[in-house]
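Peer 1: Structure incoming, see below.
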Amino acid sequence: MHANLANCFCVLNAALLSITGLASIGGSYQVLAEEGASGHYQPGSLCSRINKIPPSKSVNIFVDLNEYEGKTDAGLTVPVAGLAVADVNVNDQSYSLNVFWNPGVELKGGWQYAMAISLPYRSIDVSASPTKLDSGSRQSDKDSGVGDIMITPLILSYPISEYWQSELHFNIYSPTGSFDVGKLANVGKNYWTFSPVAWLQYIEPVTGQEFTLSGGIDWNTKNDDTDYQTGTQLYVDSTVIQYVPLLWGFTGIGLSGYWYQQISDDSGSGAVEGGFRGKSVGLGPVVSYQSKWSGRRVRAELKWINELEVANRPDGDFISLKFSTQF
């Protein structure tokens, strides 16, 4: 068992070091955000047992309902779809149907293969003030519809031991959501994002303890409509939960947090604010539930993340509610 632990920690360590090393080519670690002050990654959304692939041949379906509400610091100029605005308030609601498929294929060395797809519907409401260089009153805008679909063609999982599990995900965000230059609110980003993520999870069923750690990086293509190249982003999510037998299953309570840093500058003629690197750190409580209904495994999770430190991004709160079942 110790040998398996050491081998897998080496795999995860190598994956995370490779991610960090490749990303650092794009720029140095300085706290200077993306176009619209947000990217495809929703801070604090990844580290959940529900996001884990099924352990055997099966299909896992989960619904993710989340809402983010925040505002930028007074005086911060934000580039949004070809506009330059300030004092931005945003309310972003997303409803996603997620399907994970494990075909039961075991690869050499004990690795398992799976794939996934996430189909989001977004409703976004944005208000902002023109910059001092412009004239006019405060503006508001709304948009709703299918957002940018996330495809995960490759998920690899490896059981380190009885209690430890590792995973590697490769996510691709496609620009399927609508985007119009000159609008404050758009449900799509109008660029592709390629996002490898490494996972490590510990589950102790006897004592009811659960620990999840994930680290990832987002590489983005250019938004050709605004000639804006969003920089590379690095992030780490973590969740700790203690379960007890309750409500015909197991109910857990714990903490979830994240660290996010943009590590290369924005560029292109649309990047009127220069590098505009974003940074944020958040922490909050999480409540989880798991049981079996009619022989099917079901899970639910409620999470609230409060942003504690923010630079060049809105400062606010993220609420997530997830339900999953296995077929």
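Numbered according to mature numbering (1 follows the signal peptide of the UniProt record, and there is no 0), the sequence shown spans residues -33 to -1, 1 to 294.
We treat Cβ as the ideally placed atom computed from N, Cα and C, and that holds for glycine.
The structure displayed is predicted, hence computed values, not measured ones.
Assuming the contact rule is C-beta atoms closer than 8 Å, D192 and N157 should be a hit. Round their C-beta distance to whole Å, please.
Peer 2: Their Cβ separation, rounded to whole angstroms, is 6 Å, which keeps D192 and N157 in contact under 8 Å.
Peer 1: Leaving out the 5 sequence neighbours to the left and right, which residues in its chain are closer than 6 Å to S85 when beta-carbon positions are compared?
Peer 2: S63, N65, M117.
Peer 1: At which residue ranges does the region 7 to 64 contain complete beta strand (DSSP E) runs of 3 or more residues, listed in the order of the chain?
Peer 2: Qualifying beta strand (DSSP E) stretches, in chain order: 25 to 38, 44 to 47.
Peer 1: In whole angstroms, what separates the C-alpha of residue 296 from that of N58?
Peer 2: Since the first residue of the chain shown is -33 and the last is 294, residue 296 is not available in this structure.
Peer 1: Which runs of the beta strand (DSSP E) spanning at least 3 residues fall entirely within the region 126 to 154, listed in chain order?
Peer 2: If we require 3 residues or more, the beta strand (DSSP E) runs fully inside the region 126 to 154 come out as 131 to 140.
Peer 1: Which residues in the same chain as W226 place their Cβ atom closer than 6 Å to its Cβ, once the five residues preceding and following it in sequence are excluded?
Peer 2: So the list reads V203, V248, once near-sequence residues are dropped.
Peer 1: In this structure, does DSSP put E2 in helix, strand or coil?
Peer 2: Three-state result, E2: helix.
Peer 1: Just list the residues that DSSP pairs Y158 with in beta bridges.
Peer 2: Bridge partners of Y158: none, in fact.
Peer 1: Do you know how far the Cα of N138 is from the Cα of S162?
Peer 2: Between S162 and N138, the C-alpha separation is close to 5 Å.
Peer 1: Cα separation between V52 and G237?
Peer 2: Distance between the alpha carbons of V52 and G237 is about 13 Å.
Peer 1: Have a look at S23 and G71 and give me their C-alpha separation to the nearest angstrom.
Peer 2: One C-alpha to the other measures close to 6 Å.
Peer 1: Cα separation between residue 295 and R266?
Peer 2: An answer regarding residue 295 cannot be provided, because it is not within the stretch -33 to 294 covered by the chain.
Peer 1: Run through DSSP, which three-state label would G216 get?
Peer 2: DSSP places G216 in strand when its eight states are reduced to three.
Peer 1: The beta strand (DSSP E) spanning G251 covers which residue range?
Peer 2: Looking at the DSSP string, the run of the beta strand (DSSP E) that includes G251 is 246 to 260.
Peer 1: How long is the line joining the alpha carbons of L74 and S124, rounded to whole angstroms?
Peer 2: For L74 and S124, the distance between alpha carbons rounds to 10 Å.
Peer 1: To which residues of the same chain is W215 closer than 7 Å at the C-beta, ignoring the five residues directly before and after it?
Peer 2: Cβ within range, chain order: S258.
Peer 1: Under a Cβ-count criterion, where at least 16 other Cβ atoms within 10 Å of its own Cβ denotes burial, should A165 be classed as buried or exposed?
Peer 2: A165 comes out buried.
Peer 1: Looking only at C-alpha atoms, which of V30, T199, F217, T206 sits nearest to S231?
Peer 2: Residue T199 is the option with its Cα nearest to S231.
Peer 1: Which residue from E274, S255, G241 puts its Cα closest to that of G175?
Peer 2: When each option's Cα is compared against that of G175, the closest is S255.
Peer 1: Can you tell me where the beta strand (DSSP E) holding L288 begins and where it ends?
Peer 2: Note, L288: beta strand (DSSP E), 282 to 293.
Peer 1: Which residue or residues does DSSP assign as beta-bridge partners of A267?
Peer 2: Paired residues: Y256, F290.
Peer 1: Using alpha carbons as the reference points, say which of R280, N69, R16 lies closest to I208.
Peer 2: The option with the nearest alpha carbon to I208 is R16.
Peer 1: Using 8 Å as the cut-off, can you tell me whether the region 125 to 132 makes contact with the region 142 to 157, which would need three or more C-beta pairs spanning the two stretches below that distance?
Peer 2: The region 125 to 132 vs the region 142 to 157: no contact.
Peer 1: If you run the structure through DSSP and keep just helix, strand and coil, what is G77?
Peer 2: The answer is helix: DSSP assigns G77 an H, G or I state.
Peer 1: Could you pull the start and end residues of the beta strand (DSSP E) that E240 belongs to?
Peer 2: Taken as a continuous stretch (DSSP letters only), E240 belongs to no beta strand (DSSP E), as it is neither H nor E.
Peer 1: Identify every residue that forms a DSSP beta bridge with Q179.
Peer 2: Looking at the sequence itself, residue 179 is Thr, so the reference to Gln does not match. DSSP lists Q168, T206 as partners of T179.
Peer 1: With distances taken between CB atoms, is the gap from L288 to L32 smaller than 7 Å?
Peer 2: The answer is yes: Cβ separation under 7 Å.
Peer 1: Does the distance from the C-beta atom of G112 to that of S145 stay below 7 Å?
Peer 2: Contact: yes.
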